[in-house]
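Colleague: Sequential numbering of the sequence shown, starting at 0, is according to numbering that gives the first Met the number 0.
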Amino acid sequence: MIDVARPPERSNSSAEIGRSPAANRTTFSMLFPRRPLFSWRFELFPDSYGLDRASVWPGVRRAIERQQAQDDLVLLVTHFPTTYFELQELLDRWEIPHHVLRPGLNPADLPLRSVARNETGLREPAPVALALAEMLVADGGPIAIDRRRNVSVIVVERHPLSRHDLRLESFARRLPTRTRLGYFVALDDDAIGPFLGDWTLLLLDQFGMNRHELIVSDLISRRLFRSRRRLERLVRDETPCDSPRRWLEHHLAAGREAEMVRRWFERREAEGRTTERDSHASVVSRTSIDDDDEESESD
């Protein structure tokens, strides 16, 4: 089943997903809880999928701005440093002030606003904080929950190993607030792209998915779950890497998955060269046309 994300409604019922008009397709899919019976304290939302990073980032920006108007903190999380710095540059470009968090961050140490939003008439946006997942400390004892506080945790990529995302979920569940957790995932991300298969993207194309919308897809989620489960069995010991590509090339040296990764990067590089050639040919073509026009005018 593929559900197209839609604008927010008051209801939290998952049965309401996918009934919006086509004009409202692109929005923040964290608005839909994964489970009909959700906890007042913690909500986990279906992943929002885009065909590529260019289609995901606008959705991330809208999500940040929306949750800033509702919550006491918006926490942005990445798994890899390359994605971290890319998102940091985008926040600067979008003129969204943000806190850069340091390693060893406990759930009780987040920079919440000083007064709960529902206890003040102030309309300034909630703080935004940026962190690497490895900085977050998921362990600890019981904590007191402040029902007045709300935090949204927005993660902009999946890790090839599910254990990292489970650890991140554990951290989110231990926040001393009402908490929402959701992911924005690009299907061409090196961390997951090699394992989806061409047929997945072809199927999405048949369903009418385009580059300007985000979707919620059980089909993709199941596919990723199976591939990450295989990787969990293959990779026991890890070495920190700064990008998904380096991680895959370092930890998958042989076997079926390694071959899938190799073909994926070969195709990506070939597509990059093709794009460069097409761009160069277009420039040459326009130059030739301009030269012909000048000669015609001189005659």
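Even glycine gets a Cβ: it sits at the ideal position worked out from N, Cα and C.
Would you call the region 221-234 and the region 184-202 in contact, with 3 or more CB pairs under 8 Å?
Modeller: yes
Colleague: With DSSP run on the structure shown, which of helix, strand or coil describes residue 107?
Modeller: Counted from its first residue, the sequence shown places residue 107 at position 108. Three-state DSSP puts residue 107 in a helix.
Colleague: With distances taken Cα to Cα, identify the nearest neighbour of residue 179 among 126, 190 and 70.
Modeller: In the sequence shown, the residue the question calls residue 179 occupies position 180. Considering only alpha carbons, the answer is 70.
Colleague: Since residue 142 contacts residue 106 with CB under 8 Å, what's their CB separation in whole angstroms?
Modeller: Numbered from its first residue, the sequence shown carries residue 142 at position 143. Numbered from its first residue, the sequence shown carries residue 106 at position 107. Sure, about 7 Å apart at Cβ, within 8 Å.
Colleague: How far does the alpha helix (DSSP H) with residue 86 in it reach, from first residue to last?
Modeller: Position 87 of the sequence shown, counted from the start, is the residue given in the question as residue 86. 80-92 is the span of the alpha helix (DSSP H), which, as asked, contains residue 86.
Colleague: Among 131, 201 and 93, which has the Cα closest to the Cα of residue 240?
Modeller: What you label residue 240 is simply residue 241 of the sequence shown in a count that begins at 1. Taking only the C-alpha atoms, the option nearest residue 240 is 131.
Colleague: Looking at the structure shown, is residue 41 part of a helix, part of a strand, or coil, going by DSSP?
Modeller: Numbered from its first residue, the sequence shown carries residue 41 at position 42. The answer is strand: DSSP assigns residue 41 an E or B state.
Colleague: At which residues does the beta strand (DSSP E) containing residue 183 begin and terminate?
Modeller: The residue given as residue 183 occupies position 184 in the sequence shown. 177-185 is the extent of the beta strand (DSSP E) around residue 183.
Colleague: Counting only the same chain and skipping the five closest in sequence on each side, list residues whose C-beta sits under 6 Å from that of residue 170.
Modeller: Taking the first residue of the sequence shown as 1, we reach residue 170 at position 171. So the list reads 135 and 137, once near-sequence residues are dropped.
Colleague: Could you say which of 264, 212 and 243 lies nearest to residue 82 if we only look at CA atoms?
Modeller: On the sequence shown, residue 82 is found 83 positions in, with the first residue counted as 1. Of the candidates 264, 212 and 243, the one whose C-alpha sits nearest the C-alpha of residue 82 is 243.
Colleague: Per DSSP, residue 74 forms a beta bridge with which residues?
Modeller: In the sequence shown, residue 74 corresponds to position 75, counting from 1. In the DSSP output, where bridge partners are listed per residue, residue 74 has 128 and 152.
Colleague: Below 8 Å, how does it come out for the region 152-169 and the region 214-221: are there three or more Cβ pairs, yes or no?
Modeller: no
Colleague: What's the gap between the Cα of residue 214 and the Cα of residue 49?
Modeller: Here the question's residue 214 lines up with position 215 in the sequence shown. Here the question's residue 49 lines up with position 50 in the sequence shown. Taking the straight line joining both Cα atoms gives about 7 Å.
Colleague: Looking only at its own chain, which residues have a Cβ that is under 6 Å from the Cβ of residue 247, when we skip the five neighbours before and after it?
Modeller: Numbered from its first residue, the sequence shown carries residue 247 at position 248. Cβ within range, chain order: 260.
Colleague: According to DSSP, is residue 58 helix, strand or coil?
Modeller: Walking along the sequence shown from the start, residue 58 turns up at place 59. Three-state result, residue 58: helix.
Colleague: For residue 152 and residue 253, I'd like the C-alpha separation in whole angstroms.
Modeller: Sequence index remark: in the sequence shown, residue 152 carries index 153 (1-based). Sequence index remark: in the sequence shown, residue 253 carries index 254 (1-based). Distance between the alpha carbons of residue 152 and residue 253: 36 Å.
Colleague: Any beta carbon of chain D sitting closer than 7 Å to that of residue 126?
Modeller: Here chain D cannot be found, since the structure has a single protein chain.
Colleague: Short of 8 Å in beta carbon distance, which residues of its chain neighbour residue 112, apart from the five on each side in sequence? Order them along the chain.
Modeller: Indexing the sequence shown from 1 puts residue 112 at position 113. The residues are 71, 72, 125 and 126.
Colleague: In chain order, what residues of the same chain have a beta carbon less than 6 Å from the beta carbon of residue 237, not counting five sequence neighbours either side?
Modeller: Taking the first residue of the sequence shown as position 1, residue 237 is located at position 238. So the list is empty, once near-sequence residues are dropped.
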